[in-house]
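Residue numbers (the working numbering): 5 to 96. For every residue, glycine included, the Cβ atom is placed at its ideal position computed from N, Cα and C. Note that the coordinates shown come from a computational prediction; the quantities given were computed from them, not determined experimentally.
As structure tokens, then:
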């Protein structure tokens, strides 16, 4: 289940949130870890997500590994959260 906890922030009851930072970029947070994800607002309700930017957690968790499986889960989580807000993502 999702809730809107801010103007551009969507939180899941499973422990992650997505906050759109404007026309470009979003913050993905999972527990105490977070990362900047490069993205761009496209026409309508579409957002381009640049998957190459999902590579490191922000400090102090930058040493926590992001495997291909974890990266895929992060993308799925973002897709689900933004779907709750009637947005779709296009992944490069």
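Mind checking who residue i pairs with in its DSSP beta bridge?
i          : result
residue 24 : 30
residue 92 : 50
residue 1  : Because the chain spans 5 through 96 in this model, residue 1 falls outside it and cannot be assessed.
residue 83 : Answer by DSSP bridge pairing: none, since residue 83 is not bridged.
In its own chain, which residues sit with a C-beta less than 6 Å from the C-beta of residue i, not counting the 5 before and 5 after it?
i          : result
residue 53 : 43, 93 and 95
residue 39 : 32, 61 and 62
residue 75 : 58
Taking the beta carbon of residue i as the centre, do at least 16 other beta carbons fall within 10 Å, making it buried, or is it exposed?
i          : result
residue 22 : buried
residue 41 : buried
residue 5  : exposed
residue 7  : exposed
residue 15 : buried
Using a Cβ-Cβ cut-off of 7 Å (strictly less than) and excluding sequence neighbours within five positions of residue i, which residues of its own chain qualify?
i          : result
residue 30 : 22, 23, 24, 41 and 43
residue 45 : 27 and 51
Give every residue of the same chain whose Cβ lies closer than 8 Å to the Cβ of residue i, excluding the five residues on either side of it in the sequence, and list them in chain order.
i          : result
residue 82 : 22, 30, 32, 41, 53 and 93
- Message: Extract the residue ranges of the alpha helix (DSSP H) inside the region 42-77, only unbroken runs of 4 or more that lie entirely within it.
- Response: none
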